[in-house]
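Residues in the sequence shown are numbered from 94 upward in steps of one, following the working numbering. All C-beta atoms in this analysis are idealised placements derived from N, C-alpha and C, irrespective of residue type, glycine included. Computed from a predicted structure; not experimentally measured.
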Amino acid sequence: MSQTFVVTGTDTGVGKTVFSAALVQALDAHYWKPVQSGLEEETDSELVARLAGAEPVRILPEAWKLKTPVSPHLAAQIDGVEIDPLALVPPQVERPLVIEGAGGLLVPLTRRVTYADIFARWQLPTILCARTALGTINHTLLSLEAMRVRKIPILGVVFIGDEVRDSQAIISELGKVRVLGRLPKLNRLDTETLRQAFSAHFDLNDFGVEEV
Numbered sequence: 094m095s096q097t098f099v100v101t102g103t104d105t106g107v108g109k110t111v112f113s114a115a116l117v118q119a120l121d122a123h124y125w126k127p128v129q130s131g132l133e134e135e136t137d138s139e140l141v142a143r144l145a146g147a148e149p150v151r152i153l154p155e156a157w158k159l160k161t162p163v164s165p166h167l168a169a170q171i172d173g174v175e176i177d178p179l180a181l182v183p184p185q186v187e188r189p190l191v192i193e194g195a196g197g198l199l200v201p202l203t204r205r206v207t208y209a210d211i212f213a214r215w216q217l218p219t220i221l222c223a224r225t226a227l228g229t230i231n232h233t234l235l236s237l238e239a240m241r242v243r244k245i246p247i248l249g250v251v252f253i254g255d256e257v258r259d260s261q262a263i264i265s266e267l268g269k270v271r272v273l274g275r276l277p278k279l280n281r282l283d284t285e286t287l288r289q290a291f292s293a294h295f296d297l298n299d300f301g302v303e304e305v
């Protein structure tokens, strides 16, 4: 299987879907959102397709699509379906693959299984997306600790937002983690501005890719 990355976050709304789109675009990768909760607004798969400029074949279908925009375990209960965690297996594809979780690491898929449990089983390089805003030090260090307890392979941390040098530095130092880069806030968010921001703030070598 080609290089596969898992993208997770310290919390809901940190910007991991936008970063996933940037990574999909930079790697010319496939994208997979295993479980989507909430279908009334633009889904994460639709957002990634739009921002990455990815053709439909590169956006793999979700294993479960749930109507209510709440935690997957509750959305599944409301929809009257049962998520089978063992059925969540990374697809075999020829291109690189970006897999995005939902919310933070400990978001429950069922009443017994969290996303962190799935990531631990997969043993794939995992990217932790974190805010730069106030509170990020605690949230990020706790997330890193949870990943290490479960032996989830950590590729590094991606910061999203305005630069806050001390917060970024102390997370790297105390968390003993590599900072892969920072995706700044963009006044205009589209395919081209996202491409430029990723190119300016990230190095593909850090993702094990020299050229795509």
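| Pairwise C-alpha distance: residue 224 and residue 103 | If you number the sequence shown from 1, residue 103 lands on position 10. If you number the sequence shown from 1, residue 224 lands on position 131. Whole-angstrom Cα-Cα distance: 8 Å.
| query | With a CB to CB cut of under 6 Å and the five nearest residues on each side skipped, what residues in its chain are close to residue 138? | reply | Here the question's residue 138 lines up with position 45 in the sequence shown. Contacts found: 126, 152.
| message | Between which two residues does the alpha helix (DSSP H) holding residue 306 run? | response | This structure cannot speak to residue 306, because the chain is shown only from 94 to 305.
| message | For residue 296, count the other beta carbons within 10 Å of its own beta carbon; 16 or more makes it buried, fewer makes it exposed. Which is it? | response | On the sequence shown, residue 296 is found 203 positions in, with the first residue counted as 1. It is exposed - the Cβ of residue 296 has fewer than 16 other Cβ atoms within 10 Å.
| said: Just to confirm the assignment, what range does the alpha helix (DSSP H) spanning residue 265 have? | reply: Residue 265 sits at position 172 when you count from the first residue of the sequence shown. That run of the alpha helix (DSSP H) goes 258 to 268.
| message | Helix, strand or coil, according to DSSP, for residue 127 in the structure here? | response | The count along the sequence shown starts at 1 and reaches residue 127 at position 34. The answer is coil: DSSP assigns residue 127 none of H, G, I, E or B.
| said: Taking the beta strand (DSSP E) that residue 291 belongs to, which residues open and close that run? | reply: For the purposes of this step, residue 291 is taken as the residue at position 198 of the sequence shown. Residue 291 -> not in any beta strand (DSSP E); alpha helix (DSSP H) instead, spanning 284 to 294.
| task | Could you pull the start and end residues of the alpha helix (DSSP H) that residue 109 belongs to? | result | Residue numbering aside, residue 109 sits at position 16 when the sequence shown is read from its first letter. Segment 109 to 120, the alpha helix (DSSP H) holding residue 109.
| By DSSP, does residue 135 sit in helix, in strand, or in coil? | As a first step, residue 135 is located in the sequence shown; it is residue number 42 there, counting from the start. Here residue 135 sits in coil by DSSP.
| request: Please say whether residue 97 and residue 217 have beta carbons closer to each other than 8 Å? | output: On the sequence shown, residue 217 is found 124 positions in, with the first residue counted as 1. On the sequence shown, residue 97 is found 4 positions in, with the first residue counted as 1. Against a cut-off of 8 Å, the Cβ pair of residue 97 and residue 217 comes out as a contact.
| said: In the DSSP assignment, the beta strand (DSSP E) including residue 195 goes from what residue to what residue? | reply: Translated into positions along the sequence shown, residue 195 becomes position 102. Per DSSP, residue 195 belongs to the beta strand (DSSP E) from 190 to 197.
| task | Measure the CB-CB distance between residue 157 and residue 128 and report whether it falls below 8 Å. | result | In the sequence shown, the residue the question calls residue 157 occupies position 64. In the sequence shown, the residue the question calls residue 128 occupies position 35. Cβ distance < 8 Å, so residue 157 and residue 128 count as in contact.
| message | According to DSSP, is residue 227 part of a helix, a strand, or is it coil? | response | Taking the first residue of the sequence shown as position 1, residue 227 is located at position 134. If DSSP states are grouped into helix, strand and coil, residue 227 belongs with coil.
| field | DSSP state of residue 103 mapped onto helix, strand, coil | value | On the sequence shown, residue 103 is found 10 positions in, with the first residue counted as 1. Correct three-state label for residue 103: coil.
| Which listed residue (164, 215, 193) has its alpha carbon closest to that of residue 244 | On the sequence shown, position 151 is the one that residue 244 refers to. Nearest option by C-alpha distance: 215.
| query | At what residues does the alpha helix (DSSP H) containing residue 276 begin and finish? | reply | Looking up residue 276 in the sequence shown gives position 183. Note, residue 276: premise wrong, no alpha helix (DSSP H); beta strand (DSSP E) at 272 to 276.
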